[in-house]
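Participant: Residue numbers (this note's numbering): 3 to 385.
Just so it is clear, CB atoms sit at the ideal spot from N, CA and C, and this is done for glycine as well.
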């Protein structure tokens, strides 16, 4: 009985030792499995990071290459536009120089022609005065009848020549002098029958003397002064500075002074343009340069038209210049343009030549009086 009990106790002890061995084996297997899993995780993480880095590097290379291509294309377009602008500037300068030389030459030719005409008129006037003095000396030897007839015919010739000077040559001063000379012949006769003719001569002389003088020379000089002012003026559009509220430093807090200093610093670094109307882009300086050249060109044309007495060309040139300047004043804040624009509007209403009368009544009356004297002389000769 005793050995049997011992055997059972040994079997029970063996059964008790078996779970321990199992736990020991399990604990030995578990660390090895965990170490393998940790190595695989690190390997996967490294591979993911490497793939992400390669993707980022490739994307960065693609973006940099695309930006470089865009920068190269923009640089090429800028160079092309700069070459086109330089060519346009050269063409404009060449055209301006050519036109200026042509206009200057035409002005010089006009001046030379006017000077020659003045010299010819002076010579002609001097020769006429000599002829008049010679004829007056001969009149002393004629009898009263012959002297009266000659003075009547001479007065008619002078009146007809005054009409020619007025309507053909538009020389008002010469026409007035010729009419005065015709009246001097009738005054020398002292005949009451000639009173109506002398009254007509006086009316014509007064009408012509009251006409305004020619303004071509003064208008030409004024246009030259305005061209010089426009030549030295700057038309470029300036951005409107932002409006800042001033803060009293004595009463302002530290935070307000800091904000004011920061705002002043930002105003120097960043330009902010505030407008009551929708924001419009600034116009390129080349537009103002071309506009100035067009205005100066129109003023040159107006000068030439004033010298030649062409009223229509003069008004058209000034109208174009005024229209261009009005457009500039709407987009630029240059205060120098306003006075020039007002003077051009005043000049536009000026007349290069005064409005001449349609007829001179004294010419018709003198012609009728001369015809009567001619009929009387013919009748006397027949008798």
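With distances taken Cα to Cα, identify the nearest neighbour of residue 350 among 373, 365, 312 and 316.
Facilitator: Residue 316 is the option with its Cα nearest to residue 350.
Participant: Keeping to the same chain, check which residues put their C-beta closer than 8 Å to that of residue 326; ignore five residues upstream and five downstream.
Facilitator: The answer, listed in chain order, is 293, 296, 297 and 300.
Participant: Is there a C-beta anywhere in chain B that falls below 9 Å from the one on residue 171?
Facilitator: No chain B is present in this structure, which holds just one protein chain.
Participant: Look at the alpha carbon of residue 377 and the alpha carbon of residue 171, and state the distance between them as a whole number of angstroms.
Facilitator: Distance between the alpha carbons of residue 377 and residue 171: 33 Å.
Participant: Under 9 Å, do residue 105 and residue 232 count as touching if we go by C-beta distance?
Facilitator: For residue 105 and residue 232, no; Cβs fall outside 9 Å.
Participant: By Cβ distance below 7 Å, which residues in the same chain neighbour residue 320 in space, the five residues on each side in sequence not counted?
Facilitator: So the list reads 304, 346, 349 and 350, once near-sequence residues are dropped.
Participant: Suppose you measure from the CA of residue 329 to the CA of residue 235; what does that come to, to the nearest Å?
Facilitator: Near 16 Å, if we compare the C-alpha coordinates of residue 235 and residue 329.
Participant: At which residues does the alpha helix (DSSP H) containing residue 187 begin and terminate?
Facilitator: Looking at the DSSP string, the run of the alpha helix (DSSP H) that includes residue 187 is 174 to 191.
Participant: First and last residue of the alpha helix (DSSP H) that includes residue 334?
Facilitator: No alpha helix (DSSP H) holds residue 334; DSSP gives it neither H nor E.
Participant: I need the straight-line Cα distance from residue 228 to residue 322, nearest angstrom please.
Facilitator: The alpha-carbon atoms of residue 228 and residue 322 are separated by roughly 15 Å.
Participant: How about the region 193 to 200 and the region 208 to 227: do they share at least three Cβ pairs that are nearer than 8 Å?
Facilitator: Taking 8 Å as the limit for Cβ pairs, the verdict is that the region 208 to 227 does not touch the region 193 to 200.
Participant: The alpha helix (DSSP H) spanning residue 220 covers which residue range?
Facilitator: Residue 220 -> alpha helix (DSSP H) spans 218 to 233.
Participant: May I ask whether a heavy atom of the ligand HEM can be found less than 8 Å away from the beta carbon of residue 94?
Facilitator: Annotation note on the ligand HEM: not contained in the displayed structure, which lists no ligands.
Participant: Taking Cβ positions, are residue 157 and residue 368 nearer each other than 9 Å?
Facilitator: A contact, by the Cβ cut-off of 9 Å.
Participant: Could you give the residue range of the alpha helix (DSSP H) that holds residue 201?
Facilitator: Start and end: 197 to 211.
Participant: Tell me whether residue 68 sits in a helix, a strand or coil according to DSSP, three-state version.
Facilitator: Residue state, collapsed to three classes: helix.
Participant: Use the C-beta contact count for residue 185: other C-beta atoms within 10 angstroms, 16 or more gives buried, fewer gives exposed.
Facilitator: Buried, since its Cβ has 16 or more Cβ neighbours within 10 Å.
Participant: Inspect the beta-carbon positions of residue 161 and residue 362 and report whether they are closer than 9 Å.
Facilitator: Yes.
Participant: Assign residue 363 to one of three DSSP states: helix, strand, or coil.
Facilitator: Looking at residue 363 - three-state DSSP - the assignment turns out to be helix.
Participant: Between which residues of its own chain and residue 12 is the CB-CB distance below 6 Å, once the five residues before and five after are set aside?
Facilitator: Only weak support exists for where residue 12 lies, its pLDDT of 45 falling under 50; the value from the coordinates is given anyway. Result list for residue 12: empty, nothing under 6 Å.
Participant: Per DSSP, what kind of secondary structure is residue 351 in: helix, strand or coil?
Facilitator: If DSSP states are grouped into helix, strand and coil, residue 351 belongs with coil.
Participant: DSSP state of residue 356, grouped into three classes?
Facilitator: Residue state, collapsed to three classes: coil.
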